[in-house]
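These notes are about the structure you will find just below.
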Amino acid sequence: MAKIAPFRGIRPKKELASQVAAKPYDVLNSQEARAEADGNPYSFYHISKAEIDLPDSVDIHDVAVYKKAAENQEIFLDNGVLIQDEKPCYYIYSLTWKGRTQTGLVCGSSVEDYKNDIIKKHEFTRPEKEQDRINHITYTQCQSGVVFLAYRNVADMDSLVNNWIANHAAEYDFELNDGVRHTIWVVNEETAVNQITEIFASKVPFTYIADGHHRAASANRVSDAAKQNNPNHNGTEEYNYFITTIFPEDQLAILDYNRVVKDLNGMSTEQFMEKLASQFDIENCGSATVSPAKLHEFGLYINNNWYKLTAKPGTYTEDPIGILDVSILQNNVLSGMLEIHDPRTDKRVDFIGGIRGLAELEKRVNNGEFAAAFSMYPVTIPQLFDIADSGNVMPPKSTWFEPKLRDGLVMHSIK
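Mapping of the sequence shown onto the numbering used here: position 75 corresponds to residue 60, and the numbering continues sequentially without gaps.
Shown next, in the form of structure tokens:
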């Protein structure tokens, strides 16, 4: 069963929360972070992307960046921009966007659960991305990149969260310029804290990484190093846990993650369409954008025209991976027709998060940067669970979650 723990969160002074809150460190580059932090000395980018306070010539993975992050974190703490709770707490985090609210629990999740597959994964990680977070955690002694987990609903937990929200004032409640409202409650009453811990220990057999595989893997490796360097290790230390926000299944929605391709592998449009017709039923939709309405349906934009593609029976397998639309497109089109065999490394394919809309696909093709675009039906939460339960991994860039959790609102010290 899932082992979680409260912790003494490091978080912003109440009146500064909206200024501290920053987008996840890995969704924008250094120039974008520098622009967003401009004129805001409280922005968490000064910690999560500390290169913004160093000359442009400094490599983002230089040790100077991690040292600067630790220095800035100490300044924030010394100046009261960040405070630390006096006793271990849980935190309820709600995000409201476009009329929809999702509410999760910020907690420490067990590194042992990660090792023992109680926390289930569905993606591979890359060593260089892990190392970046390892360095950041090691120098700051703090986990600020939150891992986004999901679990199957438990009625007792739903009830506890709803009751707490109904009967307690929020610590933070603000809306940012992207239209997302962030609301956080501090759960600091011992009875409620113990109830939450017990619910997960008795009624949640598994949690699932929705987003943050590299952050979780990095926390695991930092924990291993800390154990080796601590002759008095006893398993209760903070480095045995990593910061997560866990959402029940019914709170989550996955957006589409679309594809654009540079060329047609030497084929003319007519030849490509002829090949597609052997794998898909094709409907010409003219200028009307195609947003797939169901599984195994795809949109294709090419030569100023939209087509609806429906995968023919027998062109995919029924196993948890083969039945995914991202697998159908990869196996039958990207690899099978265009010879894009490794989408992680092949520069002929790019990925467009559904948050950007189908107009972004048209733009990328119309300006000549890409030859064709494919709109996708989103992976479902049950599909994500099934794949993780089966021990398989999804193709890269399969899921896009929105809205994003903000960095800097709750952090976990591993000291």
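Just so you know, even glycine gets a beta-carbon here, dropped at the ideal spot from N, CA and C.
query	result
Cβ shell of residue 276 (< 7 Å), same chain only, five flanking positions each side left out	284, 343, 360
Spatial distance of residue 57 from residue 191 (CA atoms)	36 Å
Option in 223, 218, 323 with minimal Cα separation from residue 261	323
Cβ pair count under 8 Å reaching 3, the stretch 196 to 211 against the stretch 139 to 149	no
Residue 95 beta carbon less than 8 Å from that of residue 226	yes
Where residue 105 falls, given that 16 or more other Cβ within 10 Å makes a residue buried	buried
Rounded C-alpha distance that separates residue 321 from residue 10	35 Å
Secondary structure of residue 37, DSSP reduced to three states	helix
Option nearest residue 417 by Cα separation, candidates -12, 400, 388	Lying outside -14 to 400, the shown extent of the chain, residue 417 is not represented and no answer is given.
For residue 81, the nearest candidate out of 399, 397, 375, 390 (CA to CA)	390
Stretch-stretch touch, CB-based, cutoff 8 Å, three pairs: the stretch 364 to 378 with the stretch 37 to 57	no
Closest by C-alpha distance to residue 135, when choosing among 71, 187, 89	89
Residue 242 Cβ short of 7 Å to the ligand GTP heavy atom set	In terms of ligand content, the structure shown is empty, and the ligand GTP therefore cannot be addressed.
Presumed contact (8 Å Cβ cut-off) between residue 197 and residue 133, rounded CB distance	5 Å
Exposed unless 16 or more other CB atoms sit within 10 angstroms - verdict on residue 330	exposed
Opposing strand residues paired with residue 94 [DSSP bridges]	-11, 227
Extent of the continuous beta strand (DSSP E) run through residue 330	No beta strand (DSSP E) contains residue 330, which DSSP labels as neither H nor E.
Of the listed residues -4, 253, 270, nearest to residue 65 (C-alpha basis)	-4
C-beta atoms of residue 431 and residue 70 nearer than 8 Å	In the structure displayed, the chain extends from -14 to 400; residue 431 sits before or after that span and is not available.
Opening and closing residue of the alpha helix (DSSP H) in which residue 112 lies	112 to 125
Contact between the stretch 266 to 276 and the stretch 289 to 300 (3+ Cβ pairs under 8 Å)	yes
Continuous beta strand (DSSP E) stretch holding residue 160: start and end	157 to 160
Limits of the unbroken beta strand (DSSP E) element including residue 169	166 to 172
DSSP three-state assignment for residue 29, whether helix, strand or coil	coil
Residue nearest to residue 333 in terms of C-alpha spacing, selected from 393, 229, 244, 36	244
CB-CB length for residue 328 against residue 319, believed under 8 Å	7 Å
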